[in-house]
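A.B. asks: Sending over a structure as structure tokens; questions will come in a sec.
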Amino acid sequence: MLYHPFIRSALIGSPVNDNSEDHGGRVYFSSAGRTLENDDEVVLLSVGVDIGSSTSHLVFSRIVLERLDSRYVVTEREAFYASDILLTPYSEGETIDAEALGAFIAKEYADAKVEPDEIDTGALILTGVAVRRANARAIGELFAKEAGKLVAVSAGDSLETVMAAHGSGAVARSIRDQCTVMNVDVGGGTSKIAVCAEGRVIDVCAIDAGARLVTLAPDGLILRVEPAGRLYGESIGLDLKVGTRLTLAEGRQLAAAMADRLFGAMRGEASELQGVDLLRTDPLHFQGAIGAIQFSGGVSEFIYGNESGKFGDLGPLLAAEIKARVANFGARLEEPIEGIRATVVGASQYTVQLSGSTIYVSPLDAVPLRNVPVIAPALPLDGDGIDAGAVARAVKDELKRLDLASGEQPVAIFVPWQGSATFQRLDAFCKGAAEGLADVLARGHPIVLAGDGDVGGLLGIHLREEMKLASPIVSIDGLELKAFDYIDIGAILDTSGAVPVVIKSLVFPGSALPARAPSGA
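Here it is in structure tokens:
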């Protein structure tokens, strides 16, 4: 039987974990048998796994965490091994060949000289067709036996766009350069556009445009045509069919058509071909000036001259057409921190906090909770009054932006409470939060609020006693959270009335690690 590497638990949580022993509320590392209560510095080995429609790859990292009061924070991140970049293997149609993928993962673990049980933590990112049910199930089985604390992220178009913006360094650049930055992640099947300002992603858009909408043999024989690729062909008078040949001139025409539609989307324009909408999200709404533009994704390796090989796709031609249009876009061109690896750099880190004691959990068996994604909406909490409708809209917008709007899993709202906790303010906030999470609560999930102040108990009591909310309630405070965090919430500790919380953040590096064998998408 083929051996597949696995991600093993780095932290086995609190004493409420089914696989842990009662250690008095402390959190232990299973791999080293040490308690976080006694360590001021912790070193973790982390792996990020990105499996997408076009390519699959891994990054292994060493992460140093140091204690800051009750929280461990990352002080150093070293990406010590980047895998080869594999063209995602398919057994038939859109079914990913799990056996071939598993063999690739096993080889990369061996080449990295890392044993699977040496890994402390990790993130598995599924994008494109990898997210589809049959593929996700097969990929999940590669890690099922020893999944441990692996954070699995099924990245839809909006979330993948946001992840690429962070991983490429565009979000950080918007702070450093004090300007609005656009990141365009050009991949195999789609291109993702993010507008970043003041350290936040403020607008996103995704469009069907990518290097592998048509895949080719070395002699130009067409091996595969995606539906969007066929539409681009029809728009320039080409009938693209498997088994026919694409000339270099025709390839350039096809790439030019894609680049035209891509730059139209970057300007906020609608995009149709043959009556079919190419946009996978709403168009960009941002109308301000863009100070800098940068590209990530597989095609970016050609744009910046980091790759000159051929990978049986339109990558080099599409990159050339993009470069020819940049000057007229009106923003200076910058180079990203990460190109093709912009989504995989989110190899997860673990930090541990203890909540405040002014919390509310009802019923008590509502915890433990595991792998709950955190959203950090821009909540209107700074005025004398709170607008419940504005709270609801902010929550719904953030759920949509991070592809969590379906309500299929519980979601934690980070609440940076400001001002007094009067009845009117509590009531407005709680009503807005419940309305914003309506689809989540309708699925039977608890309402989860996680704040940095000391109003967790008040919020929870108001939801239950005043609003008569029937859903389970987990309202905790004393935490420092942000978007892209995932949290595990343990059971209430008898000694303190608090709950242990494990925070798993997506780490975005400050320096690039060049690819060993990049692909065109």
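Here my numbering is used: the sequence shown runs in plain steps of one and ends on residue 613. We put the CB at the ideal spot given by N, CA and C, even for glycine. Nothing here was measured: the structure is a model prediction, and the numbers come from that model.
From Val503 to Gly220, what distance separates their C-alpha atoms?
C.D. replies: Here residue 503 is taken as the residue at index 411 of the sequence shown, counted from 1. Here residue 220 is taken as the residue at index 128 of the sequence shown, counted from 1. When rounded, the distance between both Cα atoms is 23 Å.
A.B. asks: For Val594, count the other beta carbons within 10 Å of its own beta carbon; 16 or more makes it buried, fewer makes it exposed. Which is it?
C.D. replies: The residue you call residue 594 lines up with position 502 of the sequence shown. It is buried - the Cβ of Val594 has at least 16 other Cβ atoms within 10 Å.
A.B. asks: According to DSSP, Asp369 sits in a beta bridge with which residue or residues?
C.D. replies: Counting from one through the sequence shown, the residue named residue 369 turns up at place 277. BP columns for Asp369 point to Glu364.
A.B. asks: Between which residues of its own chain and Ser498 is the CB-CB distance below 8 Å, once the five residues before and five after are set aside?
C.D. replies: In the sequence shown, the residue the question calls residue 498 occupies position 406. Contacts found: Asp531.
A.B. asks: Measuring only the C-alpha atoms, how far is Val119 from Ile581?
C.D. replies: Taking the first residue of the sequence shown as 1, we reach residue 119 at position 27. Taking the first residue of the sequence shown as 1, we reach residue 581 at position 489. Residue placement at Val119 is flagged as unreliable, the pLDDT there being 28, under the threshold of 50; the coordinate-derived value follows with that caveat. Val119 and Ile581: Cα-Cα distance of roughly 12 Å.
A.B. asks: With 16 as the cutoff for other CB atoms within 10 Å, does Pro465 come out buried or exposed?
C.D. replies: Numbered from its first residue, the sequence shown carries residue 465 at position 373. With 16 or more other Cβ atoms within 10 Å, it is buried.
A.B. asks: Return the chain-ordered ranges of every beta strand (DSSP E) run that is complete within the segment 484 to 553 and spans a minimum of 3 residues.
C.D. replies: Counting only runs of 3 or more, we get 504 to 507 and 539 to 543.
A.B. asks: Would you kindly report the start and end of the unbroken beta strand (DSSP E) that includes Phe152?
C.D. replies: Counting from 1 along the sequence shown, the entry for residue 152 is found at position 60. Run containing Phe152: Thr147 to Leu160, per the beta strand (DSSP E) assignment.
A.B. asks: For Leu137, which of Leu410, Phe152 and Ala583 has the nearest alpha-carbon?
C.D. replies: Numbered from its first residue, the sequence shown carries residue 137 at position 45. The candidate whose alpha carbon is nearest that of Leu137 is Phe152.
A.B. asks: Quick one: Cα of Lys596 to Cα of Ala534, how far?
C.D. replies: Along the sequence shown, read from residue 1 onward, the residue named residue 596 stands at position 504. Along the sequence shown, read from residue 1 onward, the residue named residue 534 stands at position 442. Going by the C-alpha atoms only, they are around 26 Å apart.
A.B. asks: Run the CB neighbour count on Glu490, radius 10 Å, all protein chains shown included, and call it buried at 16 or more, exposed below.
C.D. replies: Here the question's residue 490 lines up with position 398 in the sequence shown. Buried is the call here.
A.B. asks: Could you tell me the distance, in whole angstroms, from the CA atom of Ile328 to the CA atom of Leu346?
C.D. replies: Locating residue 328 in the sequence shown gives position 236, where the first residue counts as 1. Locating residue 346 in the sequence shown gives position 254, where the first residue counts as 1. Rounded to the nearest angstrom, the two C-alpha atoms are 7 Å apart.
A.B. asks: Is Gly232 near Ser146, with beta carbons less than 8 Å apart?
C.D. replies: Within the sequence shown, residue 232 is the residue found at index 140, counting from 1. Within the sequence shown, residue 146 is the residue found at index 54, counting from 1. Cβ atoms of Gly232 and Ser146: not closer than 8 Å.
A.B. asks: For Ala470, which residues of its own chain have a beta-carbon under 6 Å away from its beta-carbon, when the five flanking residues on both sides are left out?
C.D. replies: Taking the first residue of the sequence shown as 1, we reach residue 470 at position 378. So the list reads Ala486, once near-sequence residues are dropped.
A.B. asks: When DSSP labels each residue in this structure, what does Ser123 get in the three-state scheme?
C.D. replies: The count along the sequence shown starts at 1 and reaches residue 123 at position 31. Confidence in Ser123 is poor, its pLDDT being 34 and thus under 50, which makes the residue's placement unreliable; the coordinate value appears in the next sentence. Correct three-state label for Ser123: coil.
A.B. asks: Leaving out five residues before and five after Val141 in sequence, what residues of the same chain have Cβ atoms less than 6 Å from its Cβ?
C.D. replies: Sequence index remark: in the sequence shown, residue 141 carries index 49 (1-based). Excluding residues within five positions, the ones whose Cβ falls inside 6 Å are Leu150 and Leu216.
A.B. asks: Quick one, which of Gly335, Gly475 and Gly481 has its alpha-carbon nearest Gly511's?
C.D. replies: Working through the sequence shown from its first residue, we reach residue 511 at position 419. Residue Gly475 is the option with its Cα nearest to Gly511.
A.B. asks: According to DSSP, is Gly232 helix, strand or coil?
C.D. replies: Translated into the one-based positions of the sequence shown, residue 232 becomes position 140. Here Gly232 sits in helix by DSSP.
A.B. asks: Quick check on DSSP: helix, strand or coil for Arg316?
C.D. replies: In the sequence shown, counting from the first residue as 1, residue 316 sits at position 224. Here Arg316 sits in strand by DSSP.
A.B. asks: From this set, Gln501, Leu376, Asp352 and Ala349, which residue's C-alpha is nearest Ala286's C-alpha?
C.D. replies: In the sequence shown, residue 286 corresponds to position 194, counting from 1. Comparing Cα positions, the closest option is Leu376.
A.B. asks: Taking the straight line between their C-alpha atoms, what separation do you get for Glu557 and Ala526?
C.D. replies: As a working mapping, residue 557 is identified with position 465 in the sequence shown. As a working mapping, residue 526 is identified with position 434 in the sequence shown. So the alpha carbons of these two residues sit roughly 14 Å apart.
A.B. asks: So, helix, strand or coil for Lys199, using DSSP?
C.D. replies: In the sequence shown, the residue the question calls residue 199 occupies position 107. If DSSP states are grouped into helix, strand and coil, Lys199 belongs with the helices.
A.B. asks: Please confirm whether Cys288 and Thr307 have their CB atoms less than 8 Å apart.
C.D. replies: Walking along the sequence shown from the start, residue 288 turns up at place 196. Walking along the sequence shown from the start, residue 307 turns up at place 215. Taking 8 Å as the Cβ cut-off, Cys288 and Thr307 do not qualify as a contacting pair.
A.B. asks: Classify Lys284: buried if its beta carbon has 16 or more other beta carbons within 10 angstroms, exposed otherwise.
C.D. replies: Taking the first residue of the sequence shown as 1, we reach residue 284 at position 192. Result: buried.
A.B. asks: Are Glu413 and Ala351 close, meaning C-beta to C-beta below 8 Å?
C.D. replies: The residue you call residue 413 lines up with position 321 of the sequence shown. The residue you call residue 351 lines up with position 259 of the sequence shown. Yes.
A.B. asks: Counting only the same chain and skipping the five closest in sequence on each side, list residues whose C-beta sits under 6 Å from that of Tyr396.
C.D. replies: Stepping through the sequence shown from its first residue, residue 396 is reached at position 304. Cβ within range, chain order: Glu427.
A.B. asks: So which of Thr450, Ala362, Val418 and Pro538 has the shortest CA-CA distance to Met274?
C.D. replies: What you label residue 274 is simply residue 182 of the sequence shown in a count that begins at 1. With distances taken between Cα atoms, Met274 lies closest to Val418.
A.B. asks: Here's the rule I'm using: 16 or more other beta-carbon atoms within 10 Å means buried, otherwise exposed. How should Ala520 be labelled?
C.D. replies: Walking along the sequence shown from the start, residue 520 turns up at place 428. The residue is buried, with at least 16 neighbouring Cβ atoms inside 10 Å.
A.B. asks: How is the alpha helix (DSSP H) around Ala262 delimited, first residue to last?
C.D. replies: The residue given as residue 262 occupies position 170 in the sequence shown. Run containing Ala262: Ala262 to Arg268, per the alpha helix (DSSP H) assignment.
A.B. asks: What separation, rounded to the nearest whole angstrom, lies between the Cα atoms of Gly281 and Gly259?
C.D. replies: Here residue 281 refers to the residue found at position 189 when the sequence shown is read from its first residue. Here residue 259 refers to the residue found at position 167 when the sequence shown is read from its first residue. Whole-angstrom Cα-Cα distance: 19 Å.
A.B. asks: Going along the chain, which residues of its own chain have a beta-carbon closer than 7 Å to the beta-carbon of Ala609, five neighbours each way excluded?
C.D. replies: The count along the sequence shown starts at 1 and reaches residue 609 at position 517. Here Ala609 scores only 34 on pLDDT, less than 50, and its place in the model should not be relied on; the value that follows carries that caveat. If we look at Ala609 and ignore the five residues flanking it on each side, its Cβ neighbours are Asp176 and Ile177.
A.B. asks: Do the CB positions of Asp277 and Ser148 come within less than 8 Å of each other?
C.D. replies: Counting from one through the sequence shown, the residue named residue 277 turns up at place 185. Counting from one through the sequence shown, the residue named residue 148 turns up at place 56. Their beta carbons are not under 8 Å apart, which means Asp277 does not touch Ser148 by this criterion.
A.B. asks: Tell me the DSSP secondary structure of Tyr164 in three-state form.
C.D. replies: Within the sequence shown, numbered from 1, the residue matching residue 164 stands at position 72. Strand.
A.B. asks: Between which residues of its own chain and Glu629 is the CB-CB distance below 8 Å, once the five residues before and five after are set aside?
C.D. replies: Any property of residue 629 remains undetermined from this structure, which presents the chain solely from 93 to 613.
A.B. asks: Applying the 10 Å Cβ sphere with the 16-neighbour rule, what's the burial state of Glu290?
C.D. replies: By one-based count along the sequence shown, residue 290 stands at place 198. Glu290 should be labelled exposed.
A.B. asks: Quick one: grab the DSSP three-state call for Gln345.
C.D. replies: Residue numbering aside, residue 345 sits at position 253 when the sequence shown is read from its first letter. Reduced to three states, the DSSP call for Gln345 is helix.
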